[in-house]
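Here is the structure we will look at, set down as structure tokens.
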Amino acid sequence: PEGTTFWWRAKDGSAVLACNIPDYSSDGDHVLRVIEERPKYPHLNPGQTVLLGFYGVGNHGGGPTKRAIAAIQKARRSKRLPKVEFSTMAAYFDAFIEAAGKDAVPTIDRDLQHHARGCYSVQSEVKRLNRHAEHALMSAERFAAVEWLVHDRPVPQGRLEEAWEFVLYNQFHDILAGTSIETSYEDTRDQLGAARATAAGIENESVQALAGDIDTMAAGNTIVVVNPLPWATKQTVKAGDIVGRALGRPLHIADHAGKTVASQAVPGERIGHTDYVFTAEVPALGYRCYHARSGARRVKPARMLKADRHSIENAWWRIEFDPYTGEMCRLFDKKAKVETLKKGNVLACMVDQSDTWSHGYDEWRVEAGRFGEARLELLELGDVRGTVHIVQRFRASTAEQFVTLHRDVDTIDCVFRINWQERYTMLKLGYETYVADGTATYDTAYGYEVRNTEGFEEPGQRWLDLTGVADGKPYGFAVLNDSKYGFDVRDGVMRVTMLRSPAYAHHDRGRYNASEPWPIMDQGWHTVRIRLVPHAGAWQGAGLARRAWELNEPPLVHIESAHPGRLPARQSFLDCSAKNVLLSVLKKSEDGDAIIVRGYETEGRAAKAAIRLPYAKRAAQTAFAPHEIKTLRIDRKSGKAVEVDLLEEPLK
Numbered sequence: 001p002e003g004t005t006f007w008w009r010a011k012d013g014s015a016v017l018a019c020n021i022p023d024y025s026s027d028g029d030h031v032l033r034v035i036e037e038r039p040k041y042p043h044l045n046p047g048q049t050v051l052l053g054f055y056g057v058g059n060h061g062g063g064p065t066k067r068a069i070a071a072i073q074k075a076r077r078s079k080r081l082p083k084v085e086f087s088t089m090a091a092y093f094d095a096f097i098e099a100a101g102k103d104a105v106p107t108i109d110r111d112l113q114h115h116a117r118g119c120y121s122v123q124s125e126v127k128r129l130n131r132h133a134e135h136a137l138m139s140a141e142r143f144a145a146v147e148w149l150v151h152d153r154p155v156p157q158g159r160l161e162e163a164w165e166f167v168l169y170n171q172f173h174d175i176l177a178g179t180s181i182e183t184s185y186e187d188t189r190d191q192l193g194a195a196r197a198t199a200a201g202i203e204n205e206s207v208q209a210l211a212g213d214i215d216t217m218a219a220g221n222t223i224v225v226v227n228p229l230p231w232a233t234k235q236t237v238k239a240g241d242i243v244g245r246a247l248g249r250p251l252h253i254a255d256h257a258g259k260t261v262a263s264q265a266v267p268g269e270r271i272g273h274t275d276y277v278f279t280a281e282v283p284a285l286g287y288r289c290y291h292a293r294s295g296a297r298r299v300k301p302a303r304m305l306k307a308d309r310h311s312i313e314n315a316w317w318r319i320e321f322d323p324y325t326g327e328m329c330r331l332f333d334k335k336a337k338v339e340t341l342k343k344g345n346v347l348a349c350m351v352d353q354s355d356t357w358s359h360g361y362d363e364w365r366v367e368a369g370r371f372g373e374a375r376l377e378l379l380e381l382g383d384v385r386g387t388v389h390i391v392q393r394f395r396a397s398t399a400e401q402f403v404t405l406h407r408d409v410d411t412i413d414c415v416f417r418i419n420w421q422e423r424y425t426m427l428k429l430g431y432e433t434y435v436a437d438g439t440a441t442y443d444t445a446y447g448y449e450v451r452n453t454e455g456f457e458e459p460g461q462r463w464l465d466l467t468g469v470a471d472g473k474p475y476g477f478a479v480l481n482d483s484k485y486g487f488d489v490r491d492g493v494m495r496v497t498m499l500r501s502p503a504y505a506h507h508d509r510g511r512y513n514a515s516e517p518w519p520i521m522d523q524g525w526h527t528v529r530i531r532l533v534p535h536a537g538a539w540q541g542a543g544l545a546r547r548a549w550e551l552n553e554p555p556l557v558h559i560e561s562a563h564p565g566r567l568p569a570r571q572s573f574l575d576c577s578a579k580n581v582l583l584s585v586l587k588k589s590e591d592g593d594a595i596i597v598r599g600y601e602t603e604g605r606a607a608k609a610a611i612r613l614p615y616a617k618r619a620a621q622t623a624f625a626p627h628e629i630k631t632l633r634i635d636r637k638s639g640k641a642v643e644v645d646l647l648e649e650p651l652k
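Every letter in the sequence shown is one number past the one before it in our numbering, and letter 68, counting from 1, is 68.
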């Protein structure tokens with residue numbers, strides 16, 4: 001209704017002229033029909049006389065065809081049809097403004113949803129691979145830039161570029177949407193896997209080179225904990241079985257200054273193997289050395305942690321589980337003294353007869369049933385963390401939950417391993433909160449969006465928040481994820497769409513016999529990581545953007561041999577003083593002689609920020625307007641910083 005041509009305005013006030021095209025696939029005689037009917041299109045702007053039309057096999061990669069070009073040439077000779085020109089987008093916009101005037105162009109200041117809602121969640125494997133590949137490549141690019149700064153090691157630009165092209169190619173609207181045929185996902189799996197493997201290789205090469213130049217002569221086996229994010233983090237990390245092989249058991253872990261830190265033996269990935277977890281505090285985009293040493297040396301806990309198979313509690317939270325369903329039946333915020341959840345980790349199976357896209361569907365409300373018949377056990381409890389393991393069933397499907405609280409960090413971690421065997425069914429993960437009169441806010445690319453609380457399926461990325469009032473206090477609840485994109489909120493209930501199982505590539509109004517052996521989506525095992533963040537006050541003070549990136553880019557653990565080196569036992573390479581600014585990119589400039597840093601303001605409030613490269617002894621003072629994305633080019637030699645655009649060209 002706003003017209004086909006409009007200004008799209010972002011939250012920071014910047015705008016771009018855009019056009020919503022009526023069609024994108026016209027060939028042969030159909031081109032002639034489009035030309036004839038276009039002036040009758042019902043959503044043209046008032047007074048519009050310059051119209052836009054795309055031609056060729058645009059939906060299938062074919063582009064212009066000889067038949068389409070011949071049809072356009074025929075139309076150019078016709079006196080009956082509108083005047084037709086081969087043209088460009090820029091020429092169209094110029095002619096449109098000249099003919100209609102700027103006042104004829106409306107402004108839209110929201111995101112452009114929806115075409116269909118099922119594509120946010122279907123084909124969960126491609127969603128997971130896409131998220132993991134994006135973050136792996138950003139992390140790899142940062143460490144490649146660090147290695148260039150520290151050791152003048154060439155950045156593997158060609159490998160990075162090819163990997164990014166794989167990721168971007170598979171964000172095509174039928175691949176990432178999950179609506180392609182089954183065999184296409186064999187190629188997708190290979191390409192996104194290759195991108196992720198390339199990123200892991202580049203990152204490993206960089207970390208190996210850095211670790212090889214650290215002085216690791218301290219006693220014991222050195223564990224280099226590497227933080228890929230440009231802010232300091234405190235998180236529980238895991239060192240593999242190899243760290244203790246030569247030392248024997250028991251062992252203890254000390255930090256770079258020789259102070260013993262709490263550690264805990266946990267089951268490894270292989271039968272009979274033991275891993276070790278401890279809480280690491282690591283500087284921004286940097287590393288810190290820890291050392292595994294022989295002999296038991298326990299640290300007296302500063303905070304409480306207790307658990308049994310029906311509850312788990314630390315200094316921040318108390319969680320209780322229903323012994324029959326396995327769901328959370330209580331989550332109490334001990335600091336704010338607020339009851340946050342009536343129910344949590346609810347796995348509800350929804351009737352879903354829609355096609356792969358779910359054309360015409362706004363929400364899913366009819367439950368086929370819930371996972372239950374629970375078996376609960378206390379899996380682990382020690383100086384670092386406690387975990388309750390819950391096994392639930394629904395029909396032929398099984399779900400395993402691992403709910404973890406930590407002694408020294410306030411994260412609530414939930415890992416779901418689901419063996420999904422349902423057909424024409426959607427799986428929702430639900431949280432029935434005590435939050436009333438709430439506003440739903442969704443993470444989006446380089447920003448956030450406030451969306452409806454009417455239960456409609458909505459897109460988001462790493463986090464979803466509901467903030468309102470609980471126990472008479474301003475309060476909110478956030479759900480963070482590592483691989484999901486579809487959510488809904490209604491009546492204080494927040495839901496994450498975990499899985500969908502329609503037939504592959506089933507388009508609306510197509511009918512088939514469900515008893516025939518059509519391949520069904522999302523069958524088999526899936527792993528999803530969820531982090532819960534209850535918070536007093538507005539979401540803007542809860543650090544959700546950074547917390548969500550911490551879930552998606554956790555610290556790396558590298559075991560290093562003993563050797564001298566010129567690098568210290570603790571080092572940072574990039575940080576930012578403003579907590580509401582998230583730096584996502586550190587890279588070598590395309591022209592090869594400068595450092596590129598890119599970040600964005602996350603909470604809708606202005607910030608003054610000092611961006612520092614401590615090892616390179618470089619710093620830049622800058623300011624971010626609310627919602628602004630900013631790119632800085634820092635000269636490697638002089639340290640001079642200038643703001644550039646996304647093409648790394650100076651702003652005009």
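Each residue gets a CB set at the ideal place from its N, CA and C atoms; glycine is no exception.
Three or more pairs of CB atoms, one per stretch, sit closer than 8 Å, so the stretch 297-305 contacts the stretch 405-421. E165 sits exposed, since fewer than 16 C-beta atoms from the chains shown fall within 10 Å of its C-beta.
In the structure shown, F93 adopts helical secondary structure according to DSSP, grouped into three states. The alpha helix (DSSP H) runs lying completely inside the stretch 426-486 and spanning 4 residues or more number zero.
Separation of G272 and A15 (C-alpha to C-alpha, rounded to the nearest whole angstrom) is 59 Å. DSSP places R9 within a strand segment (E or B) once states are collapsed to three. Cβ neighbours of T279 within its own chain (closer than 8 Å, five residues either side excluded): K234, Q235, T236, V237, V261, A262, V384, H406, R407, D408, V409. Taking the Cβ atoms as the reference, V146 lies roughly 37 Å from S184, outside the contact range of under 8 Å. Straight across, the Cα-Cα distance linking A607 with F624 is about 5 Å. Contact annotation: the stretch 352-363 touches the stretch 107-126, with at least three C-beta pairs closer than 8 Å.
One Cα belongs to H310, the other to E320, and the distance between them is close to 6 Å.
Closest by C-alpha distance to M426, out of G486, A440, A536, is G486.
Inter-residue distance for R288 and T4 is about 54 Å (C-alpha atoms, whole angstroms). When the beta-carbon positions are compared, I223 and I596 stay at least 8 Å from each other. M138: member of the alpha helix (DSSP H) spanning 124-151, first to last residue. Taking 8 Å as the cut-off, the Cβ atoms of V122 and M521 count as close. Nearest to E367 by alpha-carbon distance, out of L376, C349, G382, C414, is C349.
Annotated three-state conformation of D187 is helix, per DSSP.
By alpha-carbon distance to E134, the top candidate from D482, D488, Y615 is D482. In terms of CA proximity to V338, G537 leads the group G537, L229, R297.
Taken through DSSP and simplified to helix, strand or coil, T631 comes out as strand.
One alpha carbon belongs to D215, the other to S561, and they sit about 10 Å apart.
Taking a C-beta distance under 8 Å as the contact criterion, R495 and K428 qualify as a contact pair. Around I253, the same chain offers V261, S263, F278, Y290, A292 as residues with beta carbons nearer than 6 Å, after the five sequence neighbours per side are excluded. If you draw a straight line from the Cα of S397 to the Cα of T325, it comes to about 15 Å.
For I223, the three-state secondary structure derived from DSSP is strand.
Rounded to whole angstroms, the Cβ separation of G47 and A104 is 6 Å, and the two are in contact under 8 Å. G13 is classed as exposed because its beta carbon has fewer than 16 other beta carbons within 10 Å across all chains shown. In the DSSP assignment, R245 falls within the unbroken alpha helix (DSSP H) covering 242-245. Taking 8 Å as the upper bound for CB-CB distance, T602 and A545 are in contact here, some 4 Å apart. Of the candidates K630, K652, G178, A445, the residue whose Cα lies closest to the Cα of L646 is K630.
Non-local beta-carbon contacts of G460 in its own chain, meaning distances under 6 Å to residues more than five positions away in sequence, involve Y442, D443, F487 in chain order. DSSP places F172 outside both helix and strand once states are collapsed to three, so it counts as coil.
Around the beta carbon of K66, a 10 Å sphere encloses fewer than 16 other beta carbons of the protein chains shown; the residue is thus reported as exposed.
In the three-state reduction of the DSSP assignment, Q353 falls in the coil class, being assigned neither a helical nor a strand state.
Cβ-Cβ distances below 6 Å link I418 to A399, H526 in the same chain, with the five nearest sequence neighbours on each side left out; the list follows chain order.
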